[in-house]
Amino acid sequence: MSADFQTSLYVGDVWHKRLRPKRHAFRYPIYYLMLDLDAFERGTPVLPGGLSLNRPNLFSVYEKDYGKRDGSSLKAHVLSLVAGSTAAPVSRVMMLTMPRLLGYGFNPLTVFFCLSETGETLAIVYEVHNTFGESHSYIYCHSTPGSAVPLHDADKCFHVSPFYGVEGTYRFRVRTQADKLGLAINYLGRDGVLDMTASLTLAPLPLTGANLAKLFLKIPLVTFKVTAAIHYEALRLWLKRLKVFSKPEQAKIRTKIAHAGQSKNNGG
Numbered sequence: 004m005s006a007d008f009q010t011s012l013y014v015g016d017v018w019h020k021r022l023r024p025k026r027h028a029f030r031y032p033i034y035y036l037m038l039d040l041d042a043f044e045r046g047t048p049v050l051p052g053g054l055s056l057n058r059p060n061l062f063s064v065y066e067k068d069y070g071k072r073d074g075s076s077l078k079a080h081v082l083s084l085v086a087g088s089t090a091a092p093v094s095r096v097m098m099l100t101m102p103r104l105l106g107y108g109f110n111p112l113t114v115f116f117c118l119s120e121t122g123e124t125l126a127i128v129y130e131v132h133n134t135f136g137e138s139h140s141y142i143y144c145h146s147t148p149g150s151a152v153p154l155h156d157a158d159k160c161f162h163v164s165p166f167y168g169v170e171g172t173y174r175f176r177v178r179t180q181a182d183k184l185g186l187a188i189n190y191l192g193r194d195g196v197l198d199m200t201a202s203l204t205l206a207p208l209p210l211t212g213a214n215l216a217k218l219f220l221k222i223p224l225v226t227f228k229v230t231a232a233i234h235y236e237a238l239r240l241w242l243k244r245l246k247v248f249s250k251p252e253q254a255k256i257r258t259k260i261a262h263a264g265q266s267k268n269n270g271g
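If you're matching positions, the sequence shown starts at 4 in the numbering used here and goes up one per residue.
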């Protein structure tokens with residue numbers, strides 16, 4: 004799969020639907036940034052007014068919010084996760100993430116696309132964060148660059164929602180087109196039956212100061228709303244008397260390898 008990923012805005016909706024033990028669904032407008040991780044390495048990338056890397060602004064993105072979360076090179080971290088597992092050398096790494104807004108940010112999911120020199124998708128890293136300050140990476144390496152990325156699975160091994168246990172399987176689906184980016188994650192329970200589906204449907208926009216200002220007004224305080232929505236939807240689920248699972252201790256090894264058609268552990 005060749006993806007013409009460029010530094011840009013991506014605007015659309017996030018949608019969740021639980022199918023059991025009780026049905027529950029919601030949809031919210033949202034927007035993301037698509038950034039080349041080399042921008043952090045260069046130190047002085049050309050960005051529109053209102054957006055900065057590793058320093059305060061109306062919108063900002065900090066390397067310390069991802070990966071090792073110590074301010075070290077984020078690209079080096081992502082490359083270390085896929086080292087020796089890609090069909091060709093990784094040339095670029097593009098990050099799909101929500102920026103901090105007024106200094107505050109929380110990303111339930113950030114996606115790193117590892118691309119070849121010709122733009123073929125070689126690997127995808129899904130970095131998941133929970134509200135306890137923990138993170139976990141699920142990694143997929145594409146064995147046949149140039150073809151569409153197939154459905155790929157990973158055993159669930161990280162606590163996210165208190166209304167699901169740490170068991171079952173995630174099934175990822177990525178679709179890229181010139182005018183749309185789609186990401187769907189199905190969660191299958193221990194019995195292999197679909198419990199929940201979540202999806203992002205996004206369309207690219209030029210990354211300009213004018214477009215950032217329009218989004219700031221159209222979807223105000225979006226990062227604050229993400230956190231508020233998580234707790235609001237949790238309250239709704241609690242009122243529906245869903246079983247609550249306590250958070251287990253996080254595994255020391257924080258990566259899983261996701262393969263097409265099967266799940267394979269890499270510790271954790």
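Beta carbons are placed, not taken as given, at the ideal position from N, Cα and C, and that holds for glycine.
Would a C-beta distance cut-off of 8 angstroms place residue i and residue j closer than the cut-off?
i: Val81; j: Leu99; result: no
i: Met97; j: Gly108; result: no
i: His139; j: Pro111; result: no
i: Glu44; j: Ser75; result: no
i: Ala206; j: Tyr31; result: no
i: Leu22; j: Val64; result: no
i: Lys253; j: Glu137; result: Before going further, note that residue 253 is Gln rather than Lys in the sequence given. Yes, they are a contact pair.
i: Tyr167; j: Glu130; result: no
i: Leu215; j: Gly53; result: yes
What is the rounded straight-line gap between the Cα of residue i and the Cα of residue j?
i: Gly185; j: Leu203; result: 6 angstroms
i: Gly270; j: Tyr34; result: Any reading at Gly270 must be qualified, since the residue scores a pLDDT of 36, below 50, and its modelled position is unreliable; no value is offered.
i: Leu84; j: Ile142; result: 8 angstroms
i: Phe135; j: Arg178; result: 30 angstroms
i: Ala126; j: Thr89; result: 7 angstroms
i: His27; j: Pro92; result: 43 angstroms
i: Leu218; j: Leu104; result: 11 angstroms
i: Leu56; j: Leu36; result: 12 angstroms
i: Lys71; j: Ala86; result: 16 angstroms
i: Asp7; j: Lys159; result: 30 angstroms
i: Lys267; j: Ala213; result: Reliability fails at Lys267, whose pLDDT of 43 lies under 50, so the model's placement of it is uncertain and no value is given.
i: His155; j: Gly195; result: 14 angstroms
i: Asp73; j: Arg58; result: 15 angstroms
i: Gln265; j: Pro153; result: Only weak support exists for where Gln265 lies, its pLDDT of 48 falling under 50; the coordinates are left without a value.
i: Lys78; j: Asp41; result: 7 angstroms
Pull up the DSSP beta-bridge partners for residue i, would you.
i: Ser157; result: The sequence given here places Ala at residue 157; Ser does not occur at that position. DSSP, once it has assigned bridges, lists Tyr173 as partnering Ala157.
i: Val131; result: Leu112, His139
i: Val64; result: Leu56
i: Ser202; result: Trp18, Ala187
i: Tyr13; result: Tyr35, Pro207
i: His27; result: Arg21
i: Gln180; result: Lys183
Assuming the contact rule is C-beta atoms closer than 8 angstroms, residue i and residue j should be a hit. Round their C-beta distance to whole Å, please.
i: Ala261; j: Ala181; result: Contact flag wrong, Cβ pair sits at about 26 angstroms.
i: Pro51; j: Thr211; result: 5 angstroms
Check: Are three or more beta carbon pairs between the region 116–124 and the region 141–150 nearer than 8 angstroms?
Finding: yes
Note to self: Check whether the region 187–205 and the region 161–173 touch, using three or more Cβ-Cβ pairs below 8 angstroms as the test.
What the structure shows: With the cut-off at 8 angstroms, the region 187–205 and the region 161–173 touch.
Check: Hey, is the region 8–26 in contact with the region 200–218, meaning 3+ C-beta pairs nearer than 8 angstroms?
Finding: yes
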